[in-house]
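Chains as they are written, first to last, in this note's numbering: chain A, 382 to 923; chain B, 1306 to 1610.
Heads up, the beta-carbon is just placed ideally off N, CA and C, and yes, glycines get one too.
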Amino acid sequence: MRGKRKILCVSLMLYILKSAAINGISTINANVEVDISERGMPYFDIIGLGNKSIEESKLRVKTAIQNSGFVFPNKKITINLAPADIPKQGSFYDFPIAMGILTYINNLIIPDSVYFFGELSLNGGLRYTKSAFIFTLHAHTTGITHIFLPESCAREASFFPGISVVPVTNLNQAVNYFKSEADKNLNKINTGKNDIDNKITCINNTNNNKSETKFKFTDFDFSDVRGQHQAKRALEISAAGGHNIILLGAPGVGKTMLANKYKYMLPALSKEDHVEVLKIHSISNIVSDELLKYKIPPFRSPHHSISYVGMIGGGVNPVPGEISLAHKGVLFLDEFPEFSREVIEMLREPLESGYIRIVRNRNSYTFPAKFTLIASCNPCPCGFYGSKNKKCSCTPRQIMNYWKKISGPIMDRIDLQVRMETVDAEDMRKNRKKSPGGDYSASDRRSPEIENLRLRITNARDVQISERGTFNCYLNNNQVENYCNTCPEGERILDEAFIKFGMSIRSYYKILKISRTIADLENSGEIKTEHILEALQYRINA
Amino acid sequence: MFDINFLDASDSLFPQSLKLIPDCPQILYYCGNLTILYYCGNLTTESFGKCVAVVGTRRMSLYGRRVTQKIVQELICLGVTIVSGFMYGIDTTAHETAVNCGGKTIAVLPCGLNDSLIENNSDLAEKILHNGGLLISEFEPDFPAKIWTFPKRNRIIAAVGSGVVITEATLDSGSLITANFAKKYNKSIFSVPGSIFSEYSTGCLQLLKDGAKAVDSGFDICKELGFDPVKDIFVFKDSLRSKTEDYIGSKDTIEYKIYQLIKDSEKSVSELSEHLDLSVDVVSSKVTLMLLAGAICEENGKFYV
């Protein structure tokens, strides 16, 4: 008799909820095991290599349950996050832990194909929790049918077909959903479930509607940056071929404004890219609507005080850095030479390979980091070297030291260079007069409409992928020889320029790559003379 | 780094021009072709006699650079040796232009000939020597540059040249010290006028007020100094000009319009495309062609004739 009861006890009081653990930017299956034992002194503990926020989860869970109107069991409660040898972080285990305990309190029946995700507030409500996307992605691949998460996370999670996202505002709602029919009739609270069902349909509706609201790219065209036609053109070439670019100019000429618009020129992310980018972003912060709904490539512009861990990623449990957040998008480094030398040098390998491998004592992590670098800098520390209107107050030595911070290997990885000039007041006035409704034809060619620009860039990118399998910026020297076939006249000009401008072999290949992109923009199979002539204007001569 | 030799003031090869000044250096360290220094100022000989110092500010504007390039080019064409101080800015431009035109140039250093100052710009030093030029200094080879060595070296620059041209200088520029020495040694002082509103040209303006001769070309200088009856001056002028004008051709071409726009003031591609109402790709390729043909020059992304 005694033995039998013991077995019964054990089988009833252990609740296992499925969940996942995030490791780098990948996920693995994890279980939240909740054991409630009659024996021993009352206590409540969590094991399974959780970090501080998981340790503190105890107090949140206990208070939230009590504040939701339930009596917290005065038992020996042990929570295990399995597998026990993998470190876990994040506050999203609050919800499954609480549901485990509530199952005991309310005799709930929770099916095997359900995930809980979210952080608890002390009043029993659920708060926005990051990494909802990657969590749902994991659920999607492991055959989960329902995922319960905070209402504010539903936007990110409702991405995959075949998995129902159930937004929940508080614990009571979730409990009501799983109460057995008999219990519900008993207590006459049936409304909870209907609520949730309504919400599910609501969410699905918004998902279907998303194709209808189009992103207004016209809000982001180049028209509010006066002049700077060459820089605009160079950015177009950079966007078309993925070339890294450096913008040089005095303060206030519009470097930052132009760079900020860059992402709107890029074609929308493909499906696979979109998922990959969302995965990285969901781990780090709130996912923006632009990225989630409109698939606009990410644009990251960290301040120059950034540490190297912030730039390439890292930490005890490594998280992706800025270069990974810029994956498939743009990394804009304003005031490039002001970044610490260490940080700048760290960019070398990712710029070449398109990923970064971070090794910490427990494990090694690989984060993707295929981005286009836009660097901007002043021509000298005071910013006015070579400026028409202001006198530069730097000594030649200061200027040399300023440029020395950007080492050769980094400059080698930058294909395009543009100098930007202060626009004359007169030119600016002329421009302003012209723009409202006036004669667009000429200025349109210089400041092209964003839709046309996007179309040209998309076409050029498609050509590159279909013909060469990669963007022009990633072509190696052999591929350049194969794909960049020039007309004889162009070849002669290139040789002439090679001598005249004292170019290196490397810059020779860079010019060919840029010419290739310019030709692609015009949908020309062969690189023509004028393409090479134009490319020569963007050569790096620092 | 280089083979350094030295000369005693009593040596028969010691340049005459230096012997004439009151605080003549006792020892002169040199490296390169000493002959050009020996004959400096001696206009009776066939070669090497003509020598002019071209100096100016370290922080130059594009205007200063253009002026220096133009004047040095013309002087070299007329067979003049250029003396300058091997520092950044105008000095370096003067040496570089001289070397690029295949001319001879003398660099007077404010430090020993083994100092890091030369190493920083060793390309230029090598080019100077390669072209039959000369590096000189009154300081022993390992002597570092000090604040006081610069004005001291300026007196040698002033003494060696038959005249001194200041192409661009602010009021606090060291080239005014050179001009002062030149005045003391009774040499001609030439100054290139700039805009009266330009901060870069204040020194040159002051020199003009004090009686320096305003010049706008190397020919003016040669005429003033009484170098060779400048018989071939028009040929030279042609040889300098023709490149640009030949290239530009008829008035209808874009090249001609570009030339008209940048004739007076330098312009960038963006500005050109704005003024010509043409797209950047067209302007860029035209400009590159003109650059390759040597019809125009470029500096910091701006084009000029």
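CA-CA distance, A:R508 to B:N1605, rounds to 54 Å. A:E915 has a beta carbon lying within less than 8 Å of a beta carbon in chain B. In this structure A:I403 does not touch A:I446 by the C-beta definition: roughly 25 Å separates them, more than the 8 Å allowed. For a cut-off of 8 Å, the C-beta gap from A:F498 to A:H521 is around 13 Å, too long to register as a contact. Contact of A:R837 with chain B is not assigned, every C-beta pair being separated by 8 Å or more. A:P869 has no beta-bridge partner at all, per DSSP. B:I1423 and B:I1341 have their C-alpha atoms roughly 21 Å apart. Interface with chain B (8 Å Cβ-Cβ cutoff): A:G850 is excluded.
In the DSSP annotation of this structure, the continuous segment of the alpha helix (DSSP H) that includes A:R842 starts and ends at 831 to 849. Excluding sequence positions up to five before and after A:G633, its CB lies within less than 8 Å of the CB of T803, all in the same chain and listed in chain order. With a cutoff of 8 Å on beta-carbon distance, B:C1509 and B:L1440 are scored as not near each other.
Taking one beta carbon from each stretch, the stretch 902 to 916 of chain A and the stretch 861 to 869 of chain A have 3 or more pairs nearer than 8 Å; the two touch. By the neighbour-count definition (other C-beta atoms within 10 Å, threshold 16), B:L1577 is a buried residue. Chain A places a beta carbon closer than 8 Å to that of B:D1586, counting this residue as a contact.
In this structure, B:V1585 is the residue among B:G1468, B:N1459, B:V1585 with its C-alpha nearest to the C-alpha of A:Q611.
Distance between B:N1425 and B:V1610, taken at the CA atoms: about 30 Å. Judged by DSSP secondary structure, B:A1314 falls outside any alpha helix (DSSP H); it is assigned neither H nor E.
Annotation: the continuous beta strand (DSSP E) that includes B:V1360 extends over 1356 to 1360. As DSSP reads the structure, A:K399 sits in a beta bridge with A:N412. Within chain A, L914, Q918 have C-beta atoms less than 9 Å from the C-beta of B:V1592, given in sequence order. Under the DSSP definition of a beta bridge, A:I428 partners with A:N461.
In the DSSP assignment, B:I1494 is bridged to B:V1469.
With a threshold of 8 Å between beta carbons, B:V1388 makes no contact with chain A.
C-alpha of A:S438 to C-alpha of A:N448: approximately 15 Å in a straight line. A contact is defined here as three or more CB-CB pairs under 8 Å, and the stretch 752 to 764 of chain A meets this definition with respect to the stretch 703 to 719 of chain A. Taken through DSSP and simplified to helix, strand or coil, B:S1442 comes out as strand. Rounded to whole angstroms, the gap between the alpha carbons of A:E671 and A:K660 is 15 Å. Distance from A:I787 to A:F879 at the Cβ level is roughly 24 Å; contact not present, criterion being Cβ atoms closer than 8 Å. Shown here for B:S1478: same chain residues with a beta carbon closer than 6 Å to its own, the five before and five after excluded, namely T1362, G1508 in chain order.
Of the candidates B:N1338, B:V1385, B:L1312, the residue whose Cα lies closest to the Cα of B:D1525 is B:V1385.
Counting only Cβ-Cβ distances below 9 Å, B:Y1505 has contacts in chain A at K772, in chain order. Any Cβ of chain B closer than 8 Å to the Cβ of A:R614 would place that residue at the interface, and such an atom is present.
Against chain B, a Cβ distance below 7 Å from A:H662 picks out nothing, because the smallest value is about 35 Å.
Legend: CB atoms of the stretch 1427 to 1455 of chain B lying less than 9 Å from CB atoms of chain A are not found in any residue. Out of B:S1493, B:V1413, B:I1563, the CA that lies nearest to the CA of B:I1433 is found in B:V1413.
Identification of chain A residues near B:Y1334 by a Cβ-Cβ cut-off of 9 Å yields none; the smallest Cβ-Cβ distance measures about 25 Å.
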